[in-house]
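Numbering (my numbering), first residue to last: 6 to 311.
All C-beta atoms in this analysis are idealised placements derived from N, C-alpha and C, irrespective of residue type, glycine included.
Have a look at the structure below before the remarks.
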């Protein structure tokens with residue numbers, strides 16, 4: 006009976022993944038039949054009946070750019086937190102910090118979104134974006150647009166804040182797997198604490214840290230509510246970002262904004278196709294990440310016995 010229940014649970018998981026994939030693929034048929042793969046490369050988004058034209062390119066770019074900003078900011082901070090808790094802080098400090106980090110990972114994204122919309126975006130605009138614009142707008146194209154606070158850069162920063170607890174927690178767990186003999190050998194050779202981390206810890210868990218970062222990337226790519234509240238929500242060619250301070254749109258935010266207002270079967274099919282693209286992106290990222298993490302997280306009892 007136990008075996009049957011276990012097999013049934015596994016079959017349920019596979020069945021649900023298959024049903025979701027089948028549903029989005031079936032729902033996407035109409036738009037790909039009309040636009041072909043031009044749907045992925047073109048930027049028009051016109052839902053007016055009789056002149057309907059849809060393209061996903063600006064939203065793919067917006068998704069990847071906002072997630073990329075989140076990774077550039079969030080991963081180094083996450084790694085620093087993990088190093089401090091696992092390698093530097095004494096247990097009386099590290100344990101509460103680890104608990105707080107895990108607590109932040111459980112905060113709903115709507116809370117981050119509300120805080121960003123009503124508070125944080127003004128800080129980013131006044132303390133980061135405006136100084137960058139004043140200094141670099143004439144020489145660096147990325148900062149050439151007057152900042153407004155509701156833009157791709159702000160969305161990326163808030164996504165970074167959201168993924169930091171997740172990535173830092175996984176990095177911390179990966180670092181725990183490193184045998185103490187690795188560290189002791191480095192210290193016996195006269196290595197400093199930083200040299201020990203760099204030469205004894207990092208090489209041992211490198212692929213695990215990359216996997217943790219990619220799990221954070223998967224979360225950032227698929228985030229919906231937070232991004233919808235802060236990215237600016239423009240459509241069509243205007244959604245192609247020309248600077249970091251441009252308003253934009255992501256695959257997930259466009260689906261959230263327009264799904265209830267889909268005025269025709271083709272419009273609905275285009276939104277489902279955006280979901281299909283997002284599904285492929287997030288599944289690919291998460292599968293690659295889990296392979297990397299699994300490669301490095303061994304049975305801890307075996308590691309500690311060394």
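Answer with buried or exposed for residue 64, where buried requires no fewer than 16 other C-beta atoms within 10 angstroms of its C-beta. Locating residue 64 in the chain shown gives position 59, counting from the first residue. Residue 64 is buried by the Cβ-count criterion.
On a CA-only basis, which of 160, 104, 139, 214 is nearest residue 253? Give me that one, please. The count along the chain shown starts at 1 and reaches residue 253 at position 248. For the options 160, 104, 139, 214, the alpha carbon positioned closest to that of residue 253 is the one of 160.
Scan the segment 125-179 and note each continuous alpha helix (DSSP H) run of 4 residues or more that stays entirely inside, going in chain order. Unbroken alpha helix (DSSP H) stretches of 4 residues or longer found wholly inside the segment 125-179: 126-129, 135-141, given in chain order.
DSSP three-state call for residue 237: helix, strand or coil? By 1-based counting over the chain shown, the position of residue 237 is 232. Strand.
Own chain residues within Cβ distance below 8 Å of residue 45, not counting five before or after: In the chain shown, counting from the first residue as 1, residue 45 sits at position 40. The residues are 60, 61, 62, 65, 282.
Can you look up residue 250 in the DSSP assignment and give me helix, strand or coil? In the chain shown, residue 250 corresponds to position 245, counting from 1. Correct three-state label for residue 250: coil.
Pair every Cβ in the segment 249-266 with every Cβ in the segment 95-112, then say whether three or more of these pairs are closer than 8 Å. Result no; under three Cβ-Cβ pairs closer than 8 Å.
Assign residue 289 to one of two classes, buried (16 or more other C-beta atoms within 10 Å of its C-beta) or exposed (fewer than that). Residue 289 sits at position 284 when you count from the first residue of the chain shown. Result: exposed.
If I measure Cβ to Cβ from residue 293 and keep anything under 7 Å in the same chain, skipping five residues before and after, which residues do I get? Residue numbering aside, residue 293 sits at position 288 when the chain shown is read from its first letter. So the list reads 219, once near-sequence residues are dropped.
Okay, do the segment 220-230 and the segment 75-83 touch, 3+ Cβ pairs below 8 Å being the bar? yes
For residue 183 and residue 83, the rounded distance between their alpha carbons: Walking along the chain shown from the start, residue 83 turns up at place 78. Walking along the chain shown from the start, residue 183 turns up at place 178. It is roughly 18 Å from the alpha-carbon of residue 83 to the alpha-carbon of residue 183.
For the putative contact between residue 237 and residue 156, defined by C-beta atoms under 8 Å, what is the C-beta separation to the nearest angstrom? Here the question's residue 237 lines up with position 232 in the chain shown. Here the question's residue 156 lines up with position 151 in the chain shown. Yes, they are in contact, since the Cβ atoms of residue 237 and residue 156 sit about 6 Å apart, within 8 Å.
Flag this pair as touching only if the segment 267-274 and the segment 184-200 have three or more C-beta atom pairs under 8 Å; answer yes or no. no
Near residue 280, what residues of its chain come up, given a Cβ to Cβ distance below 7 Å and the 5 sequence neighbours on each side ignored? Here residue 280 refers to the residue found at position 275 of the chain shown. Same-chain partners within the cutoff: 29, 260.
Please classify residue 117 as buried or exposed, where buried requires at least 16 other C-beta atoms within 10 Å of its C-beta. Here the question's residue 117 lines up with position 112 in the chain shown. The residue is buried, with at least 16 neighbouring Cβ atoms inside 10 Å.
Hey, quick one: how far does the alpha helix (DSSP H) through residue 260 stretch, first residue to last? Here residue 260 is taken as the residue at index 255 of the chain shown, counted from 1. From DSSP, the alpha helix (DSSP H) with residue 260 extends over 256-263.
Quick one: grab the DSSP three-state call for residue 59. Counted from its first residue, the chain shown places residue 59 at position 54. In this structure, residue 59 counts as strand in the three-state DSSP scheme.
Could you check if residue 170 is buried or exposed, using at least 16 other CB atoms within 10 Å of its CB as the buried criterion? What you label residue 170 is simply residue 165 of the chain shown in a count that begins at 1. Buried, since its Cβ has 16 or more Cβ neighbours within 10 Å.
Using only CA atoms, which one of 57, 11, 87 lies nearest to residue 268? Along the chain shown, one-based indexing puts residue 268 at 263. Nearest C-alpha to residue 268: 57.
Please classify residue 143 as buried or exposed, where buried requires at least 16 other C-beta atoms within 10 Å of its C-beta. Stepping through the chain shown from its first residue, residue 143 is reached at position 138. The residue in question, residue 143, is exposed, as its Cβ has fewer than 16 Cβ neighbours within 10 Å.
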